[in-house]
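Numbering (this note's numbering) for the sequence shown: 1053 to 1401. Right, one structure below, let's go through it.
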Amino acid sequence: MTQELTNIGQIGTWLAEEPELFVVYDLNAAWVAREVLAALPGVKKAVGLETSEERKTLDTARNLSRVLLQADASRRALLLAIGGGITTDLTGFTAGIYKRGIRYANFPTTLLGQVDAAIGGKTGVNLDGYKNMLGVFRMPEYTFLCADVLRTLPRRTFLSGVSELLKTFLLADGNAYAAVLPLLTDTKQGLSVPEGPQNDGPAIGALGKWVVRAARIKEEIVARDPYEQGERAKLNLGHTFGHAIEHEALRRGQDISHGEAVALGMLLAARLSESLGVAENGLAARLEADFSAIGLPTQCPYPLEALQEAMAKDKKAQGGGKVKFVLPVTPGEVIFQELNPYDLHFDTK
Ligand SMILES: NC(=O)c1ccc[n+]([C@@H]2O[C@H](COP(=O)([O-])OP(=O)(O)OC[C@H]3O[C@@H](n4cnc5c(N)ncnc54)[C@H](O)[C@@H]3O)[C@@H](O)[C@H]2O)c1
Ligand SMILES: [Zn+2]
């Protein structure tokens, strides 16, 4: 369940009575961990992690499990993850397998974590360079949302989360999409996109309400469809093209973040949708203007042919070579359509 905190110390209200509390934190969010530990003096052990996709592995989960074992963690223990998606995925996975499963809670410290990774119970680690190949579904006891922790995020990491935030509103809440844009588009209107601890406070505070809204939307979708039999796949909006873009970037040794790829993927999905007569006229142009004002990329650097090949290979390709596309109709509404990637013909620019 998501819990909104107006300050970090409030976490004590929820966890102070826990008999066996263990903390796993990202060293880049050590300042958050320090405030949490000050509010929770009973923590049995806190482990700081240097995080990277290369270290999001079974080895790290095993090391965490060893720490738990050496500290006599019983099946009553609760692990609290403090960090971005890497930390919450790793901690959730460890909680899912230690002694056949113990409880865990997430305190996401990235925007992407708050609206996406820390919600919904998908946990996992990478295997041989393949992302999230090993994992379990395990719901966190709590996901704590606190806007304050976003103040130290580097701009690019912050924008990666913005992309998922907009995705959530585009698929489920058109009014929220329209309402959050002014907070994101113009620093003069209050938001200083976080660059460091000196970021101005009120703007991040104003964003907090929308972060909670997005998190709850994901939470509700997951509650209705925990194992992605249907509706949960809506959350893949922008990700079919996005994964293909990430794949192509990796192949060419270019640096495109997940959020940037998803932003481009949503634009491509909107253009495709318009070309099929599914989206309202002008949707793609509108999204392009919105994304560009926020600082998200809008020009896909790769030709459609390269993306088609990557999509056809994507693990989500079903029998017959068809891929389930999430197509935007209007902000707040999407539909599914199964298409063969090689049948796509539309202007990607
Ligand atoms: N489980 C899911 O449903 C799900 C969904 C989406 C993504 N993910 C996973 O999440 C990961 C991506 O998440 P992410 O973008 O949060 O990545 P991340 O955990 O790597 O965090 C991004 C960067 O921000 C740093 N950081 C974290 N909090 C900070 C803070 N408050 N101040 C300054 N720096 C901070 C981290 O050290 C890291 O360098 C991927 O591994 C992805 O597979 C999981
Ligand atoms: Zn994503």
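Beta carbons are placed, not taken as given, at the ideal position from N, Cα and C, and that holds for glycine. In this text, all values refer to a predicted model and were calculated from it rather than measured experimentally.
Here the C-alpha atom of L1217 lies approximately 8 angstroms from the C-alpha atom of L1163. Here A1133 carries a strand assignment [DSSP, helix/strand/coil].
Closest in alpha carbon position to L1396, among E1340, K1174, L1356 and K1365, is L1356.
Listed in chain order, the beta strand (DSSP E) elements of length 3 or more contained wholly in the region 1314 to 1398 are 1375 to 1382 and 1385 to 1391. With a threshold of 16 other beta carbon atoms within 10 Å, S1325 meets it and is buried. In this structure the region 1304 to 1317 does not touch the region 1191 to 1199; the number of beta carbon pairs closer than 8 angstroms is below three.
Inter-residue distance for G1176 and M1363 is about 23 angstroms (C-alpha atoms, whole angstroms). Assignment of beta strand (DSSP E) within the region 1134 to 1217, counting only whole runs of 3 or more residues, yields 1155 to 1160, 1177 to 1179, 1182 to 1186 and 1195 to 1197 in chain order. Less than 8 angstroms separates the beta-carbon of T1161 from that of A1081.
Taking T1058 as reference, the option from R1208, A1258 and I1149 with the minimal CA-CA separation is A1258. A heavy atom of ligand 2 is found nearer than 7 angstroms to the CB of E1216. Checking the DSSP bridge columns, you'll see Q1062 has no partner listed. Here I1060 has V1084, E1087, V1088, A1091, C1198, D1200 and V1201 as same chain residues with Cβ atoms under 8 angstroms from its own Cβ, once five neighbours each way along the sequence are excluded. Less than 8 angstroms separates the beta-carbon of L1348 from that of A1315.
Distances taken from the Cβ of G1334 to the heavy atoms of ligand 1 include none shorter than 7 angstroms. Apart from the 5 residues on each side of it in sequence, A1313 sits with its Cβ closer than 6 angstroms to the Cβ of G1294, I1297 and E1298 in its chain, given in chain order. Around the beta carbon of D1141, 16 or more other beta carbons lie within 10 angstroms, which makes this residue buried. Distance from the C-beta of E1312 to the nearest heavy atom of ligand 1 is not below 7 angstroms. N1227 counts as exposed, since fewer than 16 other beta carbons sit within 10 angstroms of its beta carbon.
Contact annotation: R1323 and D1399 have beta-carbon atoms nearer than 8 angstroms. Boundaries of the alpha helix (DSSP H) around L1116: L1110 to Q1122. In terms of side-chain proximity, the C-beta atom of G1136 is found nearer than 7 angstroms to a non-hydrogen atom of ligand 1. T1220 sits in a helix when the DSSP states are folded into three classes. Rounded to whole angstroms, the gap between the alpha carbons of K1286 and F1388 is 8 angstroms.
For H1299, the Cβ stays outside the 7 angstroms cut-off from all heavy atoms of ligand 2. Under the three-state reduction of DSSP, T1054 is assigned to strand. A residue is called buried when at least 16 other Cβ atoms come within 10 angstroms of its Cβ; A1230 does not meet this threshold and is exposed.
With fewer than 16 neighbouring CB atoms inside 10 Å of its own CB, K1401 falls in the exposed class. The Cβ-Cβ distance between V1075 and G1173 does not fall below 8 angstroms. For G1294, the secondary structure class from DSSP, reduced to helix, strand or coil, is helix.
Distances taken from the Cβ of T1195 to the heavy atoms of ligand 1 include none shorter than 7 angstroms. With a threshold of 7 angstroms, the Cβ atom of T1103 counts as near ligand 1, since some heavy atom of the ligand is closer than that.
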